[in-house]
Amino acid sequence: MTKAMILAAGQGTRVRPLTKHTPKPMVPILGKPVMEYLVEHLARHGVKQIMVNVAFMHWKIENYFGAGNRWGVELGYSYEGVREQGEVVCKPVGSAGGMRKIQDFGGFFDETFIVICGDAVIDLDITAAVAEHKAKGAIASVVTLDVPREQTKNYGIVVADADGRVTSFQEKPKPEEAKSTLASTGIYIFEPAVLDLIPPGVEFDIGSQLFPLLVEKGLPFYAQSRPFNWIDIGRVTDYWAVTQQVMAGGVAQMDIPGREVRPQVWVGLNTSVDWDQVQIEGPVYIGANVRIEAGARVVGPTWIGHGSHLRANSVVDRSVLIEHTRIGEGMTVREMIISPQYCVDRHGQTSYVGDEVTPLRWGDARA
15 MTKAMILAAG QGTRVRPLTK HTPKPMVPIL GKPVMEYLVE HLARHGVKQI
65 MVNVAFMHWK IENYFGAGNR WGVELGYSYE GVREQGEVVC KPVGSAGGMR
115 KIQDFGGFFD ETFIVICGDA VIDLDITAAV AEHKAKGAIA SVVTLDVPRE
165 QTKNYGIVVA DADGRVTSFQ EKPKPEEAKS TLASTGIYIF EPAVLDLIPP
215 GVEFDIGSQL FPLLVEKGLP FYAQSRPFNW IDIGRVTDYW AVTQQVMAGG
265 VAQMDIPGRE VRPQVWVGLN TSVDWDQVQI EGPVYIGANV RIEAGARVVG
315 PTWIGHGSHL RANSVVDRSV LIEHTRIGEG MTVREMIISP QYCVDRHGQT
365 SYVGDEVTPL RWGDARA
């Protein structure tokens, strides 16, 4: 049995507007929050005790996951905030600071434990990763993946010797300054002794502060490089790419819900679709209570959230429709994430309902 912590206290500012009213771990993929996939994956590998540090809109995470009974795990929450002028205000204490806060409160970390960022989908063999960590006698391990050099600016970069021992760590270096192309995936394995290196009661980060400290002290800190799918939602553009990959079947254990009524076309309950008068090219998911009028065309990979409405002769091409989105008659939505309030193209450009600069007309299907 290995314990775990899911990092879920950040505001997800780089993923706005997706996180304007939703904490980042609750952003849905195939109708389920990102964090739910992590909880399920941890449970599959026998990790049944999980602490979650929370701050921004913490109640949405806590209300959805509760004590973890549905997934056969125990979940606990560590709120990071302060009282200012009579109000409770969220104030994250950093990824490492969050670990130390949990430990100081109740001593949760009393054996080897895993820390995972709550904004990515993974299919890592956790059992094998923990076994390698223990076999090397590591006090800390970071799971890495090789990335193209031009992408090093988006990640914490790990430099390791031939045995995998970490010699230095760079936080989002420019491509020309990167000493390696091994990116930290935000998956860490620690021994409880590492917590003694984290100062109590202050903001402290794993990548930029704890890792350099481990290297400086010459402690057994190793990088693991193993093949697995890692879908990181670090930016809005990543969310579109993630959905495309998942809908195309690129990630194990992420099955499209609903009934497959045609090859690569899945539907939820009580849909209203004029099947003889619409064109649908999979993979496409049509959620419950979705209405698609005659003349509409849907090209996959596309996810249409429940309660949405595609008016006559509209086109939805390789896109994500958040629940209750209405697409106007004759409108074309191509490579977009679109909700009742906003739309974001695959490059991150955002428009809001009522903007005069966009020709697209869409809205709330409930109105």
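Sequential numbering from 15 applies to the sequence shown in our numbering. The beta-carbon is built from N, C-alpha and C at its ideal position, and this holds for glycine as well. Just so you know, these numbers come straight off a predicted model, no measurement behind them.
With H, G and I counted as helix, E and B as strand and the rest as coil, what does DSSP make of residue i?
i, result
"Trp317", "strand"
"Thr199", "strand"
"Asp139", "coil"
"Gln259", "helix"
"Leu21", "strand"
"Ala237", "strand"
"His323", "strand"
"Gln311", "Correcting the residue type first, residue 311 is Arg in the shown sequence and not Gln. Correct three-state label for Arg311: strand."
"Ala57", "helix"
"Ala134", "strand"
"Trp289", "coil"
"Ile212", "coil"
"Thr166", "helix"
"Gly221", "helix"
"Asp252", "helix"
"Glu343", "coil"
Would you say residue i and residue j are within 9 angstroms of each other, going by their C-beta atoms?
i, j, result
"Met19", "Lys74", "no"
"Asp331", "Val347", "yes"
"Gln238", "Gly151", "no"
"Gly111", "Val216", "yes"
"Ala192", "Arg163", "yes"
"Val334", "Tyr253", "yes"
"Leu52", "Val135", "yes"
"Ile351", "Trp376", "no"
Report buried or exposed for residue i, applying the criterion of at least 16 other Cβ atoms within 10 angstroms of its Cβ.
i, result
"Thr1", "Limits of the chain in this structure are 15 at one end and 381 at the other, which puts residue 1 out of reach."
"Val298", "buried"
"Phe122", "buried"
"Phe127", "buried"
"Trp280", "buried"
"Lys115", "buried"
"Phe218", "buried"
"Gln363", "exposed"
Please name the residue or residues paired with residue i in a DSSP beta bridge.
i, result
"Phe183", "Val172"
"Gln63", "Glu88"
"Val334", "Trp317 and Ile351"
"Ser155", "Ile203 and Tyr236"
"Pro47", "Pro42"
Ignoring anything shorter than 3 residues, give me the beta strand (DSSP E) runs that lie fully in the region 78 to 126, in order along the chain.
DSSP runs (the beta strand (DSSP E)) wholly in the region 78 to 126: 88 to 93, 95 to 98 and 101 to 104.
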